[in-house]
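The structure under discussion appears below in the form of C-alpha cells.
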Amino acid sequence: MGKGATLNRFTTGSATGRAPGHPAAAPPFHGWRIVAYSAVAMAMTAPGQTAGVSVLLDPMIEDLGIGRTQVSTAYLVGTLCGASAMPFVGRAVDRYGPRRVMLAVAAVFGAVLLALSFVSGIIGLTAGFVGIRMAGQGALGLVATTTVAYWFHRRRGLALGITSAVGTAGISLAPVAVERLVAEVGWRTAWAVEGLAVWAVVVPLALFGLRDRPSDVGQHVDGVAPPEDGNDHDKATGRPLRHAARTGMFWAIALCMASSAMLTTGLNFHQIDLLGERGLSPVEAAANFLPQTVAALLATLAAGALLDRASPRIVLVASMLTLAGAVAAAGVVRPGWTALAFGLALGSANGLLRAVESAAYPLYFGTAHLGAIRGVSYTVSVGASALGPVAVALGHHATGSYGPALLLFALIPFCAAALVLLAREPGEPSAPAPSEERTRKA
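Residues 17 to 458 in this note's numbering are what the sequence shown lists, from first letter to last.
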C-alpha cells in the first residue's frame, strides 16, 4: 500500500466506519457540536451560581421575614453539602457516562428550582440551596467540561477554553434577565421559570445532542484515526484517583482552584462595600463586574489555545501570581484606572485558571478516571468558595478595614504558585487504566 492509500485509509475509512478507500467523504467531526452543547449546559448552571442567586435574595428575605444572616448561613450550608456530593457525581460519570449523568442532574436541578418557588421558611430554603449548589453550581458544570475532555486531546485546551468562555458569558448575563423577571412576575415565579428552562434546554441536550465518546458515533478523538505508532487516545487510559492523589501536582492544582474560589467569591460577595471603602460609588463598584467578565472571557480563550502548546504549569503560576496581585491591590485601589486594573486582573486570573484546570487533569492523569479525579477537585474548590465571604468579613471585622486582611490573603495564591513550581509533573499517561488491565488479565 502506497503513501496515498495510507492517507486515504486514515481520512476516509477509519473516521467514518466505512471500508478503506470508500469514496464518500467523512462526516464533520462531532466534537465541536459537543463543545457547543457543553457550553450551553455550562451557561444553564446560572440559577445555581452566586451571581444568579444574588438577585433573588432581597425579595425572598423581605417576603419570608428571614434575616440576612440566616440566609447567608443557609447558603453556606447548601454550598458545603453540595460540594460533598461531587466525588460521587464524578464516579458516576466514569461509570455511566456523561450523557446519563447530565440527564439525571438536569432532572434534579429543574425539580429543585421549581420546589424553591414554594418555600416558606429557612428549612426549605436551606434544602433548596443544597440542591441548586450541588446540581447547578457543581455537577452540571463538572459533567459538561469532562465530556469535552473525552472528545479532544491535541486541541483539548482550545475546546475547553471555548466551552468555559461561552458558559461564563451566559452565567454573567443571567442576573440581568433574572432581575427583570423578578421585577415583572416576582421571585417565586422566577424560580419556577428557571426550573422549566433547565428542563427545556438541558434535558433535550442530554437526550438528543450529547454523546459520551467519539466511538458512539463511529469517530475518533480529535476527529482523526489513531496513528500507526500505537498512541491511541480513543482508549480510556490513565491513573485512578488513589494514584493521582499521591502526586504533588494533583494537590497543587486543587490548591490553585481552592485559592481562586475562596478569594474571588469573597471579593465579589463584598465588592460593593469593599470598593466603596476605597471611594467608589455603589454604581461604580457594581460596574467593576464588567471588566472582570470581559477579562475572564479573553483569558479563558487565550489560556485554552496556549495549553495546546505549553505546559499547564506556566498557566497555573501566571494565574496565581495575577490573583495575588489583584487581591493585594483590592485594598488600595482608587476610583479610575486602578479600579479598572483590579477588575481586569481578577477576571484574568479566574479565566486562566478555569481553562487550565479542565485541561491539566486529563493531561496528567488521563480520562479513564477523570470524573472521580475532578469530582474531588470540585469538592475542594466549592468548599473553599463557601468560606471566602466569611473569611473576608472576619478580616474586615478584626482590622476595621479590608486592606490589611487582603494583604495577608494574597499570600495564599503565592503559596499555591510555589507548590506548582515544586510539584513534579506526572507526565502524560499512556498505559491502559489499571482497572482495565486487571480485567484483561482475568
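We treat Cβ as the ideally placed atom computed from N, Cα and C, and that holds for glycine.
Short of 7 Å in beta carbon distance, which residues of its chain neighbour residue i, apart from the five on each side in sequence? Order them along the chain.
i, result
"residue 422", "343, 344, 346, 347"
"residue 397", "273, 274, 277"
"residue 466", "In the structure as shown, the chain starts at 17 and stops at 458, and residue 466 therefore has no counterpart that could be examined."
"residue 223", "119"
"residue 292", "298, 301"
"residue 135", "141, 144"
"residue 395", "99, 100, 102, 103"
"residue 198", "71, 72, 75, 206"
"residue 296", "351, 355"
"residue 308", "359, 362, 363"
"residue 217", "56, 60"
"residue 109", "117, 159, 162, 387"
For the candidate residues the options, whose alpha-carbon lies nearest to that of residue i?
i, options, result
"residue 106", "224, 257, 215", "257"
"residue 179", "309, 51, 173, 354", "51"
"residue 99", "84, 110, 64", "64"
"residue 322", "187, 290, 375, 280", "375"
"residue 172", "193, 325, 291", "325"
"residue 177", "317, 266, 420, 336", "317"
"residue 113", "71, 165, 87", "165"
"residue 254", "54, 379, 338", "379"
"residue 87", "280, 145, 101, 110", "145"
"residue 404", "57, 66, 48, 58", "66"
"residue 402", "54, 218, 93", "93"
"residue 96", "154, 339, 108", "154"
"residue 78", "58, 202, 341, 368", "202"
"residue 287", "419, 117, 109, 123", "419"
"residue 367", "192, 312, 442, 168", "312"
"residue 408", "117, 284, 330", "284"
"residue 268", "91, 49, 48, 439", "439"
"residue 221", "49, 279, 281", "49"
"residue 264", "85, 214, 434", "434"
"residue 156", "424, 336, 167, 387", "387"
"residue 289", "340, 399, 260, 416", "416"
"residue 337", "294, 425, 259, 314", "425"
"residue 89", "406, 259, 271, 339", "406"
For a test of the three-state rule: what should DSSP assign to residue i, helix, strand or coil?
i, result
"residue 280", "helix"
"residue 106", "helix"
"residue 253", "strand"
"residue 82", "coil"
"residue 412", "helix"
"residue 60", "coil"
"residue 259", "helix"
"residue 115", "helix"
"residue 293", "helix"
"residue 418", "coil"
"residue 300", "helix"
"residue 211", "helix"
"residue 442", "coil"
"residue 44", "coil"
"residue 230", "helix"
"residue 327", "coil"
"residue 165", "helix"
"residue 307", "helix"
"residue 204", "helix"
"residue 101", "coil"
"residue 349", "coil"
"residue 333", "helix"
"residue 426", "coil"
"residue 240", "coil"
"residue 65", "coil"
"residue 287", "helix"
"residue 245", "Below a pLDDT of 50, predicted positions are generally treated as unreliable, and residue 245, at 48, falls in that range; the measurement from the model is reported next regardless. Residue 245 falls in the coil class under three-state DSSP."
If I measure Cβ to Cβ from residue i and keep anything under 6 Å in the same chain, skipping five residues before and after, which residues do I get?
i, result
"residue 45", "239"
"residue 152", "61, 63, 64, 125"
"residue 233", "46, 227"
"residue 392", "103"
"residue 183", "55, 58, 59"
"residue 190", "62, 68"
"residue 147", "128"
Going by beta carbon distance, what residues of the same chain come within less than 8 Å of residue i, once the five residues before and after it are set aside?
i, result
"residue 137", "80, 82"
"residue 320", "173, 174, 175, 176, 177, 178, 180, 181, 371, 375"
"residue 245", "Summary for residue 245: the model assigns pLDDT 48, below 50, so the residue's position carries little reliability, and this model does not support an answer."
"residue 414", "421"
Indicate whether the contact test is met: 3 or more Cβ pairs, each with one atom in the segment 293 to 306 and one in the segment 423 to 433, closer than 8 Å.
no
Beta strand (DSSP E) runs wholly inside the segment 365 to 409, at least 3 long, in chain order
none
Are at least three pairs of beta-carbons, each pair with one atom in the segment 115 to 133 and one in the segment 201 to 213, less than 8 Å apart?
Cβ pair count under 8 Å is three or more, so yes.
With contact counted as at least three CB pairs below 8 Å, one residue from each stretch, are the segment 360 to 369 and the segment 378 to 388 in contact?
The segment 360 to 369 vs the segment 378 to 388: no contact.
Pair every Cβ in the segment 348 to 360 with every Cβ in the segment 69 to 77, then say whether three or more of these pairs are closer than 8 Å.
Cβ pair count under 8 Å is below three, so no.
May I have a chain-ordered list of the alpha helix (DSSP H) segments no shorter than 4 residues that lie completely inside the segment 125 to 196?
138 to 148, 157 to 167
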